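Asker:
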Amino acid sequence: MLSSTVKPGEMQLEEAVYQFFENVGTVQIPVVRVGGSDGQIRVFYRTAPKTALTGTDFEFSSGELVFKEGETRKFIEINIVNDDVKEETKSFEVELLNPEAAQDIINFRGFVRIPKAEVYILDDDSKYFLLLL
1 MLSSTVKPGE
11 MQLEEAVYQF
21 FENVGTVQIP
31 VVRVGGSDGQ
41 IRVFYRTAPK
51 TALTGTDFEF
61 SSGELVFKEG
71 ETRKFIEINI
81 VNDDVKEETK
91 SFEVELLNPE
101 AAQDIINFRG
111 FVRIPKAEVY
121 ILDDDSKYFL
131 LLL
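In full-length UniProt numbering, the protein residues as written are 1 to 133.
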C-alpha cells in the first residue's frame, strides 16, 4: 500500500461532549475513522478525571483500538458508578493518544478534529430526575 492514492483515514471521537445519567451503567463512546479506511490503524485511549472521581463516579479505562482494513467505527466502554447521593453534575475526559498506521501506510495524518471528549455524569437522585420519569 505504498501509494499516495491509499486513504487510511484519520481518527477522532464522534462527539466532543457526552451526557449520561449516573444510573446508565456502561457507556459506549464512539471512535470513528473518517476520510478513508485503507490499511490498519491503531489508536490508544484513556480516561482522566476532572470533577468526577475515578472509582467513585466512573471506572478508569485505557487501552488500544485496532481498526482493520475497511473498519470505520469502534467503541470505548466506560463503567459509570451509580450511588444514592444527591450531587452536582460531574465530568471526566476521554482522550485518544498516539494513532499509528501500519508500516506500509505512508500518508496517515493521525487526528482530524476531536481527540478529546468531555463526559458529563448527571445526577439521578434529585427530585427533578424523579419528575422526568
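A virtual CB, placed ideally from N, CA and C, is assigned to each residue, including glycine. These numbers were taken from a predicted model, which means no experiment stands behind them.
Measuring only the C-alpha atoms, how far is Tyr18 from Asn107?
Answerer: 31 angstroms
Asker: Could you tell me whether the stretch 94-106 touches the stretch 50-58, using the rule of 3 or more Cβ pairs below 8 angstroms?
Answerer: Not touching, per the Cβ criterion.
Asker: With distances taken from CA atoms, which of Leu13, Lys7, Val24 and Val119 is nearest Gln40?
Answerer: Lys7
Asker: If you follow the beta strand (DSSP E) that Val85 is in, where does it begin and where does it stop?
Answerer: That residue, Val85, is in no beta strand (DSSP E); it is neither H nor E in DSSP.
Asker: Taking a contact to mean a Cβ-Cβ separation below 8 angstroms, would you say Glu77 touches Thr26 in this structure?
Answerer: yes
Asker: Would you decide whether Val66 is buried or exposed? Buried here means 16 or more other CB atoms lie within 10 Å of its CB.
Answerer: exposed
Asker: Consult DSSP for Asn23 and reduce its assignment to one of helix, strand or coil.
Answerer: helix
Asker: By a C-beta neighbour count over all protein chains shown, 10 Å radius and 16 as the cutoff for buried, is Ala117 buried or exposed?
Answerer: buried
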